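> Dropping a structure here in structure tokens format, bear with me for questions.
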Amino acid sequence: MSPEEITDAIKSGIDPYADAIDGTAVRQALHPPLTDLLCAIHLARWFSDSDPLIGPFPPGLTLIRVADLALRDRLEDAMQLVLPFAWEALTPGPKSFPDNAVLVTLEKASSFSKSDPREKFRESLDDALAKGLGVVALATEPSDLSEGGRMLLVRDVTWPVFDGGAVIELLRATHSATGEVAEAELRARLSENGKIANLPWPVVNHAFHARTSLIVADRLSAARLPANPTPRRTLDDVCGLPEVTGELRHLVEDVREWQADQLDWSDVSASILLHGPPGTGKTMIAEALAGSAGATFVSTSYAEAQKAGHLGDYLRTMGQQVDSAIANAPSVFFLDELDSYRARHKSGNHFSSYMHSVVNGLLEQLTKLNEAPGVIVIAATNHPNIIDPALIRAGRFDKKIAIGSPKKDGIEAILSGHLGTDAIPLGDLSLRLVGLSGADVAAIARAAKGAARRAREPLALCHVLAVVDQRVSNPDLEHIRRKAIHEAGHAVVGHVLGLKSGHRIFVAAVGGGYDSPVPPVMTPDMADRELAMRMGGRVAEVTFLGSVSTGSGGSEHSDLGGATDLAIDLEQEYGFGSSLLYSPVAPGDRHRMPDELRDRVERRLRGAEECARAVVEANRHLVERVADALIEHRELDGDELLRLLTRDEVDRPIEEAS
Ligand code: ADP
């Protein structure tokens, strides 16, 4: 055929590559046994390139991982049919299939029987293995196998996602007289990644009844997906975090390009760790990203997966959620409370072997997610420092984004966003709310709307003010001044000792903070300076006000809590003290530290306090300057703070010149 004739044929729905040479006989199966065919195709792929030393059916266990229970049922029948043929084709010899190898399937749990189907499955596995047979097992994952099965596992394959490539392979068998199909054209028609895998099997079967390969492809790509749980919230609903939403909008663009086959998924930075205090919108951001990208949102957390029961069930539940994210790509897989997966050595002895398995299971799943095209992984944590380092090592998450409590402008945006109006002047009021989380601010807006509704009045500033007065005490100036001196103390000690400057400092009726980056790697000298910076707030309070307040302690996340943790780690984990022994102390064991260790930690903290005191004494003017600015503006960003801290350095040449 000439190129023009080929184009014309394709246009009219005829696949010229598939027709026999005389142009007539397209071999089209009437009731194409698609599952059987798929089975044969995958078996051929797995076994034809199998290791010649172990052969296609080695005397041991071949695990085929199939997470979807319905598919596993269908596959069992298909395998029973196909395996004997595969056996004969690949293992020429006197013995036929059932005599030398068997298929064992893990059935789904029945609501009539209380027994765990895994018990029967494991018994059958062990029976067959004891007889020296080759076993092909259909199950979810290696933890389903018996102990003997796990030890004799020689091949571990995962049932592939049903995609355009698989459709084309099927079409070669069902709709071609030659084994050829119009591959490029079919790929173009089936290009919408992630869509085919989601089609229910009857829809796929229906499509395969079409006359030609091209019409099958058209039917598959025209089939509308069942309702996709894409969240309704989008990035437009996330207020006051322009850097974060800006970055995520790039990711949304990348997803679109990937869907249009213009971008390879391996070029997309698709895993993000969001860290920051509770209520700052981490969950919302993940959901909004899915909403904007038109992606499925799959959300889980340690607590949620724990509900599944014991370890095996927990890992299985997690695995099912992961598979669902992969099968429904594009999707956002959201893993909340990542800090629940505590560092294995820090979670106390009785807990650590359980945690070890949990963290290993999660690592396996994360690897799977990281490799799956179209799946964005977002993890959230309130305490990035206590997560098992293996979970957040370089490469596991492409980006780590800190989300703090919103700044004044952000608060104003969240308020007006949740109030649904820009008409109420919220500037002054927002200042009072600095220090609250986005969730607190949203709750204030909801309460104000509720109050207006109940009073049957149009929403106005007075409704918002009433809620704020009720929930946020009026700023007590003395308290604000103490907080300002405290936060300024941290900033000045850090700056003078040469630590990286913080990106935000603020004081509020409800707390305050100095957000400074923790150095990723520390020398002993840097660690001492970091400790001194953490003591800077307390020391400044004593220097300027003559006393300390409770503001430096009270929780494991307070200045003293963090400084104590760091000092213990320096002594017991980093070899910065008198011993080189690696001997971590679990948080639960800290109150029972030996006296000798307590003394060493105490000495470190006292030393840091002395150092901070010397810096504050010598730089009183700097502390006062930053504190005054804080009292006036309540919050400063990194640049504003740095300008205040370095003003003298900039001024000096001018003074000298005059
Ligand atoms: P986190 O996951 O960090 O604990 P959430 O995402 O659960 O916080 O936040 C709770 C609620 O607070 C959100 O559903 C939303 O209504 C509100 N919220 C928090 N931050 C923002 C924000 N930046 N913009 C709009 N609403 C926000």
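When the letters of the sequence shown are read in order and numbered with this note's numbering, they come out as residues 8 to 665. Glycine included, each C-beta is placed from N, C-alpha and C at the ideal position. Remember, predicted model here, so these are calculated numbers, not experimental data.
1. Buried or exposed: V528, going by 16 or more other Cβ atoms within 10 Å of its Cβ?
2. Roughly how many angstroms separate the alpha carbons of P124 and S306, rounded to a whole number?
3. Okay, do the segment 393–409 and the segment 438–449 touch, 3+ Cβ pairs below 8 Å being the bar?
4. Between R453, R403, R400 and P432, which has its C-alpha nearest L426's C-alpha?
5. At a cut-off of 7 Å, would you count V245 as near the ligand ATP, judging by its Cβ distance to the nearest heavy atom?
6. Scan the segment 363–432 and note each continuous alpha helix (DSSP H) run of 4 residues or more that stays entirely inside, going in chain order.
7. From which residue to which residue does the alpha helix (DSSP H) around H502 run?
8. Here's the rule: buried if 16 or more other CB atoms are within 10 angstroms of the residue's CB, otherwise exposed. What is M291?
9. Using the Cβ count rule (16 or more neighbours within 10 Å means buried), how would you classify P23?
10. In chain order, which continuous runs of the alpha helix (DSSP H) of length 4 or greater are located wholly inside the segment 529–581?
11. Could you compute how far the alpha carbon of R613 sits from the alpha carbon of K289?
12. Does DSSP classify I21 as helix, strand or coil?
13. For M86, which of P66, L41 and E130 has the nearest alpha-carbon?
14. How many Å lie between V366 and V623 at the Cα?
15. Which class does R599 belong to by DSSP, given the choice of helix, strand or coil?
16. Go through its chain and collect everything with a Cβ distance to A458's Cβ below 8 Å, but skip five positions before and after it.
17. One question on the structure: do K415 and E642 come within less than 8 Å of each other, judged by their Cβ atoms?
18. Is the closest heavy atom of the ligand ADP to the C-beta of M291 under 7 Å?
19. How is A230 classed by DSSP in three states: helix, strand or coil?
20. Pull up the CB-CB distance for A574 and G496, whole angstroms please, since I reckon it's below 8 Å.
21. Mind checking whether L70 and A146 have CB atoms under 8 Å apart?
22. So, is D330 buried or exposed, given that buried needs 16 or more other C-beta atoms within 10 angstroms?
23. Which residues in the same chain as V223 place their Cβ atom closer than 7 Å to its Cβ, once the five residues preceding and following it in sequence are excluded?
24. Between which two residues does the beta strand (DSSP E) carrying H282 extend?
25. Threshold first: 3 residues or longer. Then list the beta strand (DSSP E) segments lying entirely within the segment 587–658, N to C.
26. Can you tell me whether G171 is buried or exposed? The criterion is at least 16 other CB atoms within 10 Å of its CB, across all chains shown.
27. Is the beta carbon of L468 closer than 8 Å to that of I431?
28. Following the continuous alpha helix (DSSP H) through R453, name the residue where it begins and the one where it ends.
29. Could you tell me the boundaries of the beta strand (DSSP E) in which T307 lies?
30. Tell me which residue opens and which closes the alpha helix (DSSP H) that V210 is part of.
This is what the structure gives:
1. As a working mapping, residue 528 is identified with position 521 in the sequence shown. By the neighbour-count rule (16 or more Cβ atoms within 10 Å), V528 is not buried but exposed.
2. Residue mapping note: residue 124 aligns to position 117 of the sequence shown, counting from 1. Residue mapping note: residue 306 aligns to position 299 of the sequence shown, counting from 1. Taking the straight line from one Cα to the other gives about 28 Å.
3. no
4. Here residue 426 is taken as the residue at index 419 of the sequence shown, counted from 1. The shortest C-alpha separation from L426 is found at R453.
5. Judged by which ligands are present, the ligand ATP is missing from the structure shown, whose ligands are the ligand ADP.
6. 396–399 and 415–426
7. Working through the sequence shown from its first residue, we reach residue 502 at position 495. Where H502 is concerned, the enclosing alpha helix (DSSP H) stretches over L484 to V503.
8. Here the question's residue 291 lines up with position 284 in the sequence shown. Classification of M291: buried, given that the 10 Å Cβ count is 16 or more.
9. As a working mapping, residue 23 is identified with position 16 in the sequence shown. So P23 ends up on the buried side.
10. 531–552 and 566–579
11. Taking the first residue of the sequence shown as position 1, residue 613 is located at position 606. Taking the first residue of the sequence shown as position 1, residue 289 is located at position 282. Computed Cα separation, rounded: 37 Å.
12. As a working mapping, residue 21 is identified with position 14 in the sequence shown. Coil at I21, not helix or strand.
13. If you number the sequence shown from 1, residue 86 lands on position 79. Closest by alpha carbon: L41.
14. For the purposes of this step, residue 366 is taken as the residue at position 359 of the sequence shown. For the purposes of this step, residue 623 is taken as the residue at position 616 of the sequence shown. Each residue's Cα considered, the two are about 44 Å apart.
15. Counting from 1 along the sequence shown, the entry for residue 599 is found at position 592. R599: helix per DSSP, three-state reduction.
16. The count along the sequence shown starts at 1 and reaches residue 458 at position 451. For A458, where only same-chain residues beyond five positions count, the Cβ hits under 8 Å are H470, A473 and V474.
17. Against the sequence shown, residue 415 aligns to sequence position 408. Against the sequence shown, residue 642 aligns to sequence position 635. Their beta carbons are under 8 Å apart, which means K415 touches E642 by this criterion.
18. Translated into positions along the sequence shown, residue 291 becomes position 284. Checking the Cβ of M291 against the ligand ADP gives yes.
19. On the sequence shown, residue 230 is found 223 positions in, with the first residue counted as 1. It is coil, neither helix nor strand.
20. Sequence index remark: in the sequence shown, residue 574 carries index 567 (1-based). Sequence index remark: in the sequence shown, residue 496 carries index 489 (1-based). About 19 Å; that fails the 8 Å criterion.
21. Taking the first residue of the sequence shown as position 1, residue 70 is located at position 63. Taking the first residue of the sequence shown as position 1, residue 146 is located at position 139. Contact: yes.
22. As a working mapping, residue 330 is identified with position 323 in the sequence shown. So D330 ends up on the buried side.
23. Mapped onto the sequence shown, residue 223 falls at position 216. Only L178, H182, A214, F215 and A217 meet the Cβ criterion.
24. Here residue 282 refers to the residue found at position 275 of the sequence shown. Per DSSP, H282 belongs to the beta strand (DSSP E) from S278 to H282.
25. 642–644
26. If you number the sequence shown from 1, residue 171 lands on position 164. G171 is buried by the Cβ-count criterion.
27. On the sequence shown, position 424 is the one that residue 431 refers to. On the sequence shown, position 461 is the one that residue 468 refers to. The answer is yes: Cβ separation under 8 Å.
28. Counting from one through the sequence shown, the residue named residue 453 turns up at place 446. Here the alpha helix (DSSP H) through R453 covers G445 to R461.
29. Taking the sequence shown and counting its residues from 1, one reaches residue 307 at position 300. T303 to S308 is the extent of the beta strand (DSSP E) around T307.
30. Within the sequence shown, residue 210 is the residue found at index 203, counting from 1. W208 to A214 is the extent of the alpha helix (DSSP H) around V210.
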